[in-house]
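Participant: Going down the list, the sequences are from chains A and B.
The working numbering numbers the first residue of the first sequence as 168 and each following residue consecutively.
The working numbering numbers the first residue of the second sequence as 168 and each following residue consecutively.
Protein chains: 2
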Amino acid sequence: MPLPERALISRIRSMSASERRTGGAVVAGIGDDCAVLRANAGRDVLVTTDFTLEGVHFRRDWHPAESVGHRCVTRGLSDIAAMGGQPVAVFLSLALPGDLPQRWVDGFMRGILNQSERYGATLAGGDTAESPNGVLADIVVLGAVPRGQAVLRTGARSGDGIYVTGALGGSAAAVVQLRDGRKKPLDPRQYPRHFFPEPRVKLGRILREKKLASAMIDTSDGLSVDLAHICDESGVGAEVEADAIPLARVGRPSHQVDLKLGLHGGEDYELLFTARPNRRIPARIEGVPITRIGCIKRGRKILLVNGEGTRQELLPQGWEHFRK
Amino acid sequence: MPLPERALISRIRSMSASERRTGGAVVAGIGDDCAVLRANAGRDVLVTTDFTLEGVHFRRDWHPAESVGHRCVTRGLSDIAAMGGQPVAVFLSLALPGDLPQRWVDGFMRGILNQSERYGATLAGGDTAESPNGVLADIVVLGAVPRGQAVLRTGARSGDGIYVTGALGGSAAAVVQLRDGRKKPLDPRQYPRHFFPEPRVKLGRILREKKLASAMIDTSDGLSVDLAHICDESGVGAEVEADAIPLARVGRPSHQVDLKLGLHGGEDYELLFTARPNRRIPARIEGVPITRIGCIKRGRKILLVNGEGTRQELLPQGWEHFRK
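Dropping the structure here:
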């Protein structure tokens, strides 16, 4: 391991308040060949990995370092939330260009560590390398869920209602602004869902505990793509009511985003779930609004129904990131 | 998720014979927000992550695609071996340039999948992205070890013997050849430890089961660096006998590598371990020679002793990868 990497690891160690915490789930952390986690009897282990690449998922001139770290780890935490699980440990593989300012690295690591600890996860290991081009980060989050209780994408049945937490399109609205070639950076406070999104960990756990969700996913790729994942994996179709989709408010003065962003904009990290028709879904859980946006149908098509009752097929539109 | 990524995931799914294997440790694999692993009671979970970057860890003109995939996953399997553990699941985060030939991807995936299955691990998930520059792969390997039995780097004590499996410097010898500006590609059969190294999984497990190793690491960074890791983490020093270091034979006709490569060359993926003076260490385990190369001392210095008894300090020399 070249010396700069050892210095980085020392720094990460010293920044991580939970380093060498004993008695928790992490028995041995940074500083051995592997991290050692103690698995609880009766629990399944959840594992998710997410690549975050400079120029694809963020740009250094658009995103403060702390936002980049925060968003990196939120992607993984949100995947754990979408299974109804509890985050346990975070692993960070990080490749940095040689000329990256130390201040940037510190801000990035602060974003990772603060957000991990907020959701009860320990930074337990990872890998470092020198990057030939741009910042490259792969985040692995491990979580736990009672044995056999993880909420999968495969459980949707014809007749189930389709629900979404919070509001959609808020993160993509920031991307539209950023792409617009503006001179000044965006104010993160006007687009919190883009710069500092929060994963719906507690909400996901409640949906699982109360057995309310039959299938669940997080809206990382956008409603049209994520709903298609549930339908593909469950072997069903769906009808979505355009007027029912909760659209985010952004900017100052604030305005509602376009339906297109609500349908296809990614990275909101809300929960999209289905529920059996006999399940009463609260209007809010933990202060977060929950909206019914349609229902699961037989067949394999996903239809969008507008206010006049016109139906058109809703095709999954890949959410593009930042590359020009 | 853009469509090329979905196509890649389908391809990985169809290539992975163990996809959707049920009844094993992997309950749900590729195709949900997280993979779900069933943890056995009485076992700890081992986690290791390793970045493999084109131009840093491999070059497409030097390494066949299958060798790149094989080496990627061997890095993680070897970390599990160094804890005395059993590999369980592999996760692959993969970012590929848009113009990468499908043939390359297929060869790379074959390397990953064959090597994972050889050691009993299932490819259980990951992430895909389009890379702005070169192939980027982060491999996560999860393993299992009986509770509290993982062999750590912290257990070396003054008086312990220092042992290494196999031979050292064979992988670095290939790098020396490759760097030499040669026209023809190297023949992987003449440098198997570089192109197709095997992790010492079974050997590591036997050392753990028989309680022979007090501390253990794999030689991924090179003897001088990896022994320094054991000494750092255990708070001890060491004396290494130069003449005792088992040097690899490479090439055709085969020749022994220089001591310098044995001391500092990385990526051999042998096991370096310490053992209490009262432990009898076999000369071979599972057909692999085991060589005593020195002993652990008080203090913090690592000394190299040559044939005439002269001592000099052995400083950790970072193993450089392929970048020019």
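Think of the CB as a built atom: it goes at the ideal place given N, C-alpha and C, for glycine as much as any other residue.
(1) Going by alpha carbons, who is nearest to B/Arg467 out of B/Val424, B/Met276, B/Ser325?
(2) Taking only three categories from DSSP, how would you classify B/Gly432?
(3) Tell me the residue span of the alpha helix (DSSP H) that contains B/Ala248.
(4) Taking only beta carbons into account, state which residues of the segment 272 to 301 of chain B come closer than 9 Å to chain A, listed in chain order.
(5) Leaving aside the five residues before and after B/Thr219 along the sequence, list all residues of the same chain whose C-beta is less than 6 Å from its C-beta, in chain order.
(6) What is the residue span of the beta strand (DSSP E) that A/Pro254 lies within?
(7) Mapping DSSP to helix, strand and coil, what is A/Gly368?
(8) Would you say A/Phe218 reaches chain B, if we count a Cβ-Cβ gap shorter than 8 Å as a contact?
(9) If contacts are defined as beta-carbon pairs under 8 Å, then A/Thr321 and A/Leu370 qualify, I think. What distance do you get, rounded to the angstrom?
(10) For B/Gln479, would you say it is in contact with chain A, using Cβ-to-Cβ distances shorter than 8 Å as the test?
(11) Identify which residue in B/Leu267, B/Ala262, B/Leu244 has its Cα closest to the Cα of B/Ala256.
(12) Please check if any C-beta of chain B sits within less than 8 Å of the C-beta of A/Ala184.
(13) From this set, B/Gln484, B/Gly402, B/Leu379, B/Leu259, which residue's C-alpha is nearest B/Ala450's C-alpha?
(14) Please state whether DSSP places B/Glu284 in a helix, a strand or coil.
(15) Quick one: does B/Thr189 have its CB under 8 Å from some CB of chain A?
(16) Kindly say whether B/Ile506, judged by its beta-carbon, lies nearer than 8 Å to any beta-carbon of chain A.
(17) For chain B, find out if any of its Cβ atoms is closer than 8 Å to the Cβ of A/Ile373; answer yes or no.
(18) Say whether chain A places a C-beta atom closer than 8 Å to the C-beta of B/Thr215.
(19) May I have the straight-line CA-CA distance separating A/Val302 from B/Ile448, to the nearest angstrom?
(20) Quick check on DSSP: helix, strand or coil for B/Arg490?
(21) Using beta carbons (cut-off 8 Å, strictly below), is B/Ala339 in contact with chain A?
(22) So which of A/Tyr358, A/Lys350, A/Thr441 has the shortest CA-CA distance to A/His396?
(23) Please go through the same chain and pick out, in chain order, the residues whose beta-carbon is closer than 8 Å to the beta-carbon of A/Pro313, but skip the five residues on each side of it.
(24) Is DSSP giving B/Leu267 helix, strand or coil here?
(25) Kindly say whether A/Ala195, judged by its beta-carbon, lies nearer than 8 Å to any beta-carbon of chain B.
(26) Terminal residues of the continuous alpha helix (DSSP H) containing A/Arg478?
(27) Any idea if B/Gly251 is buried or exposed, counting beta-carbon neighbours within 10 angstroms, 16 or more meaning buried?
(28) Quick one, which of B/Phe225, B/Ala248, B/Gly310, B/Trp229 has its alpha-carbon nearest B/Glu365's?
(29) For the alpha helix (DSSP H) that contains A/Glu400, what are its first and last residues?
(30) I need the straight-line Cα distance from B/Gly274 to B/Gly293, nearest angstrom please.
(31) Give, in chain order, every unbroken run of the beta strand (DSSP E) that is at least 3 residues long and sits entirely within the segment 290 to 357 of chain A.
(32) The alpha helix (DSSP H) spanning A/Arg360 covers which residue range?
(33) Need the endpoints of the beta strand (DSSP E) that A/Glu406 sits in, please.
(34) Any beta carbon of chain A sitting closer than 8 Å to that of B/Ser260?
(35) B/Glu475 by DSSP, collapsed to three states: which one?
(36) Please classify A/Pro254 as buried or exposed, where buried requires at least 16 neighbouring CB atoms within 10 angstroms.
Facilitator: Put simply:
(1) B/Ser325
(2) coil
(3) 232 to 248
(4) Ala291, Gly292, Gly293, Asp294, Thr295, Ala296, Glu297, Ser298, Pro299, Asn300, Gly301
(5) Cys239, Ala304
(6) 253 to 263
(7) Per the sequence shown, residue 368 of chain A should be read as Val rather than Gly. Three-state DSSP puts A/Val368 in a helix.
(8) yes
(9) Incorrect: roughly 21 Å between the Cβ atoms, too far for contact.
(10) no
(11) B/Leu244
(12) Confidence at A/Ala184 is low in this model, with a pLDDT of 45, below 50, so the placement of that residue should be treated as unreliable; the coordinate-derived value is given next. Chain B contact via Cβ: absent.
(13) B/Leu379
(14) helix
(15) Caution applies to B/Thr189, whose pLDDT of 37 falls short of 50 and renders its modelled position unreliable; the model cannot decide the point.
(16) An answer regarding residue 506 of chain B cannot be provided, because it is not within the stretch 168 to 491 covered by chain B.
(17) no
(18) yes
(19) 45 Å
(20) For B/Arg490, the predicted model reports a pLDDT of 45, less than 50, meaning its position is unreliable; a value from the coordinates is still stated below. In the structure shown, B/Arg490 sits in coil (DSSP, three-state: anything other than H, G, I, E or B).
(21) no
(22) A/Thr441
(23) Gly209, Arg210, Asp211
(24) coil
(25) yes
(26) Unbroken run through A/Arg478 is the beta strand (DSSP E), 478 to 480; no alpha helix (DSSP H).
(27) buried
(28) B/Ala248
(29) 390 to 401
(30) 18 Å
(31) 303 to 313, 328 to 332
(32) 359 to 362
(33) 404 to 408
(34) yes
(35) coil
(36) buried
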